[in-house]
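Last residue of the sequence shown: 129 in the working numbering, with the numbers rising by one and none dropped.
What follows is a short report on a single structure.
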Amino acid sequence: MTPKKTQLLTLGALLHDYGHHNTTLNLNQPLSGMSPEDLALWKKHPTEGAQKVQDKKHFDQTVINIIGQHEETINGTGPKGLREKDMDPLAVLVSSANAMDRLITFEGVPKAEAAKKLMIDHVGKHPLQHIQLLNDILKGL
């Protein structure tokens, strides 16, 4: 990966949940525990975050794509229904990391079990090589 792509990935990953800024949504809960109203708000946050930075001259389109696509899954079951071929490759990577983070942070899955749970319960939603890489990273923490 080039240094520029690494910078874009880093910025997009840091800002991926910008759409939650000033939200009333309780993020400290599993998606399965959200009310239909909260789930509808949650589904909007990628688009809202991308829209907030869309007109900023210093934001590369890749960063905007990451923000707007970070909840998508490669099988098309994300909020916008995008499939891997329609997603920015860096957004696919952030989506995988975001899914792993959600399991650990909001659903209480131990780090040592998160990759396995992601592979089993979310089969086909994230590239296997991403899950394996994230698992290797977690082992080093």
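Backbone N, C-alpha and C define an ideal beta-carbon position, used for all residues, glycine too.
Nearest to residue i by CA position, among the options, is which residue?
| i | options | result |
| --- | --- | --- |
| T(-6) | T12, K73, D74, L78 | L78 |
| Q39 | I52, K31, D48, H46 | I52 |
| H58 | P(-9), L2, K127 | L2 |
State the Cα-Cα distance for the pair residue i and residue j, rounded to the nearest angstrom.
| i | j | result |
| --- | --- | --- |
| H118 | E25 | 31 Å |
| L129 | N10 | 31 Å |
| K105 | P18 | 14 Å |
| T65 | N14 | 22 Å |
| I92 | S83 | 14 Å |
| D43 | P67 | 23 Å |
| I108 | N63 | 15 Å |
| H8 | R90 | 14 Å |
For the alpha helix (DSSP H) containing residue i, list its first residue and its last residue.
| i | result |
| --- | --- |
| V82 | 77 to 93 |
| K127 | 116 to 127 |
Q: Would you mind listing the beta strand (DSSP E) stretches within the region 30 to 74 that are 3+ residues and don't spill past its ends, in chain order?
A: Entirely contained in the region 30 to 74, not one beta strand (DSSP E) run reaches 3 residues.
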